[in-house]
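Asks: Below you will find the structure I want to go over with you.
Residue numbers (our numbering): 6 to 435.
Quick look at the structure:
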């Protein structure tokens, strides 16, 4: 998309409204406004259950694998296996999402997740589970998630009107971030209460709940254009659209920056806890929770003032620049309190950036291409292990503080570079 096409998304004030009325309308508080739409309530509730199930599963698999093998190397491999499907199956999933009924695709994927999780529970309950079962299960569920996640994202504009889109994206992100904060603790608690097998059965119940939510949803049918060509042609069309659309390409590229250079700081947190801040296990838990708290604060704020956020491009660039600054502050402090404050800032800026990118993509992408483009956008999830590996290697040679500081500085510089080289981002309004 050239700069003139991007201007379609710049809001024009209505000539029939007075400035006072415009201002009152613009700054209306709308924290949960998108939940008044029934189909979005079902989608949002399903996202909450899915997120909880994923985090409970992640804790359960890690605990079980280490209990079976005592190998930290296998733990790392299992975590990497979770990301592989997004790189391999993600683009195919996007094509399928634009060709078939999205609701039926979600139903089939959730049925698969329910069945495989129930089988894992049965294996654990009978004492038959082996390490290779966990890797097969991780890859299988990863493939299912690589299909469901782009579809869930692409359905948001189908179930809420445009005026509630920012709020809906923010609330959807709140569901994901709330499960990140509570999910790991819930997974550990469930293991203590019900054992590993019981955890898998609880996950199956969560997926059953998601199935019910999807069954109740009513969503528009996918456009017929994609079904008139082959899947290979569909994939080429999606890639060509991204490459030719300057705004979409810039958004996808800038989304890679935090995944590769910011998010990997989390893998270095034990080093900060032990060697820099010296706060012990309880302090590590607080350090890990602080970004989630910041994310929830930022998303609740965004959902509340969604009607007044017009300069989405400026908001996105500001968020990613501040993300880099907060990372640098965190890397250089030896004060535990200041570290917590910096991490709250990191989490706030990171999720604010992600929510803004999602909103701009949804406003820009035509519905017939939405699944393909969102699956390309989500390829960044598959790159997270690469970023973590680079961070770990760098920390080995120059230390965790220097590595994190360099990452934050690189995020800041790349954001400035993209803002300068791709001015269409700065001008986008809604």
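Positions of the beta carbon are idealized from the N, C-alpha and C atoms, including for glycine.
Within a Cβ cutoff of 6 Å, which residues of the same chain sit near residue 324, ignoring the five residues on either side of it in sequence?
Replies: Close CB contacts of residue 324 within its chain, under the 6 Å cut and outside five residues either way in sequence, are with 354, 357, 358 (chain order).
Asks: The ligand SAM and residue 162: does any heavy atom of the ligand fall closer than 7 Å to the residue's C-beta?
Replies: This structure simply doesn't include the ligand SAM, nor any ligand for that matter.
Asks: For residue 370 and residue 293, I'd like the C-alpha separation in whole angstroms.
Replies: 35 Å
Asks: CA-CA distance, residue 268 and residue 373?
Replies: 31 Å
Asks: Residue 169 and residue 264: beta carbons closer than 8 Å?
Replies: It is not a contact, given that the beta carbons lie outside the stated cut-off.
Asks: For the alpha helix (DSSP H) holding residue 74, just list the boundary residues, first then last.
Replies: 43 to 74
Asks: So what's residue 132 in DSSP terms, helix, strand or just coil?
Replies: coil
Asks: Could you give the first and the last residue of the continuous alpha helix (DSSP H) run that contains residue 250?
Replies: Run containing residue 250: none; DSSP gives neither H nor E here.
Asks: Which term fits residue 207, buried or exposed, when burial requires 16 or more other beta carbons within 10 angstroms of its beta carbon?
Replies: buried
Asks: The alpha helix (DSSP H) spanning residue 381 covers which residue range?
Replies: 375 to 382
Asks: What are the start and end residues of the alpha helix (DSSP H) that includes residue 277?
Replies: First-last for residue 277: undefined, no H or E at that position.
Asks: Report back the beta-carbon spacing between residue 408 and residue 282 to the nearest angstrom; my notes put them in contact at under 8 Å.
Replies: Residue 408 to residue 282, Cβ: 16 Å. No contact.
Asks: For the alpha helix (DSSP H) that residue 353 lies in, which residues bound it at each end?
Replies: 341 to 369
Asks: Does the distance from the C-beta atom of residue 114 to that of residue 155 stay below 8 Å?
Replies: no
Asks: With residue 255 and residue 366 assumed to form a contact (beta carbons below 8 Å), what rounded beta-carbon distance in angstroms separates them?
Replies: In fact, because the Cβ distance is near 11 Å, the residues do not count as touching under 8 Å.
Asks: Determine the direct distance from the alpha carbon of residue 339 to that of residue 149, and round the result to whole angstroms.
Replies: 42 Å
Asks: So, does the region 48 to 55 touch the region 209 to 219, judging by three or more C-beta pairs under 8 Å?
Replies: yes
Asks: May I have the straight-line CA-CA distance separating residue 351 from residue 328, to the nearest angstrom?
Replies: 5 Å
Asks: How big is the Cα-Cα spacing for residue 418 and residue 260?
Replies: Each residue's alpha carbon lies about 14 Å from the other.
Asks: For the alpha helix (DSSP H) containing residue 269, list its first residue and its last residue.
Replies: First-last for residue 269: undefined, no H or E at that position.
Asks: If distances are taken between C-alpha atoms only, which option among 178, 124, 291, 377 comes closest to residue 242?
Replies: 377
Asks: If I measure Cβ to Cβ from residue 193 and keep anything under 7 Å in the same chain, skipping five residues before and after, which residues do I get?
Replies: 64
Asks: Rounded to a whole number of angstroms, what is the C-alpha to C-alpha distance between residue 111 and residue 276?
Replies: 40 Å
Asks: By the DSSP assignment, the alpha helix (DSSP H) with residue 169 in it spans what residues?
Replies: No alpha helix (DSSP H) contains residue 169, which DSSP labels as neither H nor E.
Asks: For residue 59, count neighbouring Cβ atoms within 10 angstroms of its own Cβ and tell me buried if that reaches 16, exposed if not.
Replies: Burial call: buried.
Asks: Using three-state DSSP, classify residue 32 as helix, strand or coil.
Replies: No answer about residue 32 holds up, because its pLDDT of 43 lies below 50 and its placement is not dependable.
Asks: The alpha helix (DSSP H) that contains residue 430, what's its start and end?
Replies: 428 to 432
Asks: Just the Cα atoms here: how many angstroms apart are residue 68 and residue 126?
Replies: 14 Å
Asks: Relative to the alpha-carbon of residue 124, which residue among 104, 316, 201, 84 has its alpha-carbon at the smallest distance?
Replies: Checked all of 104, 316, 201, 84; the closest Cα to residue 124 is 201.
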